[in-house]
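First up is the structure itself, then whatever we jot down about it.
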Amino acid sequence: MLDAGGGTGKWTIPIVRKGLKVVLYDISREMLNVARRKIMEEHLENMVVFKEGDICEIGFPENHFDFVLAEGDPISYCSNPHRAVGELARVLKPGCFMAAGVDSLFSVARTMLVRKGPEEALKVLREKRFFAEAWGFQCWAFSPSDLRSLFEENGLEVVKIVGKTVAYVSKPETEHLLQDEEKAEKLLELELMVCEEPSIVGYGGHLHIVARKKTVFTG
Ligand SMILES: C[S@@+](CC[C@H](N)C(=O)[O-])C[C@H]1O[C@@H](n2cnc3c(N)ncnc32)[C@H](O)[C@@H]1O
0 MLDAGGGTGK WTIPIVRKGL KVVLYDISRE MLNVARRKIM EEHLENMVVF KEGDICEIGF
60 PENHFDFVLA EGDPISYCSN PHRAVGELAR VLKPGCFMAA GVDSLFSVAR TMLVRKGPEE
120 ALKVLREKRF FAEAWGFQCW AFSPSDLRSL FEENGLEVVK IVGKTVAYVS KPETEHLLQD
180 EEKAEKLLEL ELMVCEEPSI VGYGGHLHIV ARKKTVFTG
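Residue numbers (numbering that gives the first Met the number 0): 0 to 218.
What follows is the structure, encoded as structure tokens:
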């Protein structure tokens, strides 16, 4: 599988532990170096190929991977999401699945409204881009329908789009809920109950999409 924008191997490591071979692909050499160190500590390096590169131009042949993961917003961080999804779809085998997490437009707009006021919130909604102060660069944000179109235009059939998180919003005063195992279990139950509800998915802090590459793509 391809772990696109795989960073320090947060997902690669548990996936490799399950016995799958992974290409850990990231634009940042520093992130890959951290991942390499962690993976070598676990003696899992035979299962991982480390590759530095941009998801907008993936140097692998088409129909190559059985699964593509782009978790932790690399599609939001890249220069051209349409190109990135096109590339991720290109290297995926027909009939196989892709899963990706992106920044959520309405959640970002709401945060901007609270932090900077209505003008900034309107700007985000119009431009679908925002400056992430924590990272120091521009990011793309998506509504559920924009995300659906982006994937469909690239020959992918959308299986589901979920908001994460929708019911629970992390705040200092709610942090104690996660420390209590029973309450955390209930929170998870609550999230799973509502995270696919179309009327509120877009208010999730992030959006997560699962899609499948069509066997015949005419678009
Ligand atoms: C928030 S981290 C997520 C890492 C990992 N997927 C996870 O879930 O923990 C985002 C990663 O995307 C990578 N990234 C950003 N833009 C990229 C691009 N254009 N091509 C490849 N990787 C990119 C960053 O270097 C970073 O490692």
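C-beta: ideal position from N, C-alpha, C; glycine also.
- Task: Going by CA-CA distance only, name the one from Tyr76, Leu149, His42 that's closest to Gly135.
- Result: Tyr76
- Got a sec? Which residues, its chain only, sit under 8 Å from Leu104 by beta carbon, not counting five neighbours each side? Val123, Leu124, Lys127, Ala140, Phe141, Ser142, Asp145, Gly201
- Residues bridged to Ala210 [DSSP beta-bridge criterion]: Met97, Val157
- Task: Look at the alpha carbon of Leu112 and the alpha carbon of Gln178, and state the distance between them as a whole number of angstroms.
- Result: 30 Å
- From the DSSP output, read off the bridge partner residues of Cys138. Phe129
- Query: By Cβ distance below 7 Å, which residues in the same chain neighbour Asp65 in space, the five residues on each side in sequence not counted?
  - Reply: Met0, Lys92, Cys95
- Any non-hydrogen atom of ligand 1 closer than 7 Å to Met97 Cβ: no
- Contact under 8 Å by Cβ, Ile38 with Gly4: no
- Given a threshold of 16 other Cβ atoms within 10 Å of its Cβ, counted over all protein chains shown, does Glu152 qualify as buried or as exposed? exposed
- Spatial distance of Pro197 from Gly100 (CA atoms): 17 Å
- Query: Short check: CB of Asp53 to CB of Asp102, under 8 Å?
  - Reply: no
- Message: ligand 1 and Lys37: does the residue's C-beta get closer than 7 Å to at least one heavy atom of that ligand?
- Response: no
- So is Met192 buried or exposed if we call it buried at 16+ other beta carbons inside 10 Å? exposed
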